[in-house]
Amino acid sequence: MTVLKFWSQLQDRLGSAELQLVYLQENDPQQALTDIIRARGPAWERYVVDAFNRYPWMQARGLSGVGGMLEMIGQYAAMTDRLVALWRFPVLRLPARPASYHERTDAMIEWLASEEQSTDIAGRTNLRAPR
């Protein structure tokens with residue numbers, strides 16, 4: 001079964017549930033990971049590289065090291081973005097690394113509490129199902 005087929009079947013099964021998705025979207029996941037590596041230092045980098053090098057996805061593609069991690073993160077983010085775009089329930093997209101975490105939190109709380117339509121920061125309208 002493909003990921004997309006699973007995603008569709010999962011949503012079919014969840015049809016009667018009152019679901020909401022808050023998606024913290026990273027516009028540049030590879031840069032975000034690079035920033036994290038720089039901030040956490042060489043010991044953390046070695047630990048994470050070793051962990052990523054063990055992933056079957058990385059091994060199947062002959063990837064390793066920081067370059068392999070960056071490729072995997074980029075592919076993961078692209079797939080996640082695609083799945084969120086296919087989500088049939090109300091979704092609020094917010095930046096993973098906002099200029100203001102306080103404003104992002106307020107927007108999330110307001111959207112989750114609202115029973116009317118809401119718009120994400122990119123201006124896309126997201127309809128909330130009535131409770």
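Numbering (my numbering), first residue to last: 1 to 131. All C-beta atoms in this analysis are idealised placements derived from N, C-alpha and C, irrespective of residue type, glycine included.
Check, Outcome
"Ignore the nearest five residues each way along the sequence and tell me which others in Trp-7's own chain have a CB closer than 7 Å to its CB.", "Leu-83 and Leu-86"
"Check this for me: beta carbons of Glu-26 and Ala-107, under 7 Å apart or not?", "no"
"Run through DSSP, which three-state label would Leu-14 get?", "coil"
"If contact is defined by three or more beta carbon pairs under 8 Å, each pair taking one atom from either stretch, is the region 12-31 in contact with the region 58-68?", "no"
"On the DSSP letters alone, give me the boundaries of the beta strand (DSSP E) that Pro-95 sits inside.", "91-95"
"Residues in the same chain with beta-carbon distance under 8 Å from Tyr-55, minus the five sequence neighbours each way, listed in chain order, please.", "Met-72"
"Cutting at 8 Å between CB atoms, please list the residues of its own chain near Leu-33, excluding the five before and the five after it.", "Met-69, Leu-70 and Ile-73"
"Alpha carbon to alpha carbon, how far is Phe-52 from Arg-46? Give it in angstroms, no decimals.", "10 Å"
"Is it buried or exposed for Arg-131, if we count other Cβ within 10 angstroms and need 16 for buried?", "Summary for Arg-131: the model assigns pLDDT 35, below 50, so the residue's position carries little reliability; its value from the coordinates is reported in the next sentence. Label assigned to Arg-131: exposed."
"Can you give the Cα-Cα distance for Gln-30 and Arg-38, rounded to whole angstroms?", "12 Å"
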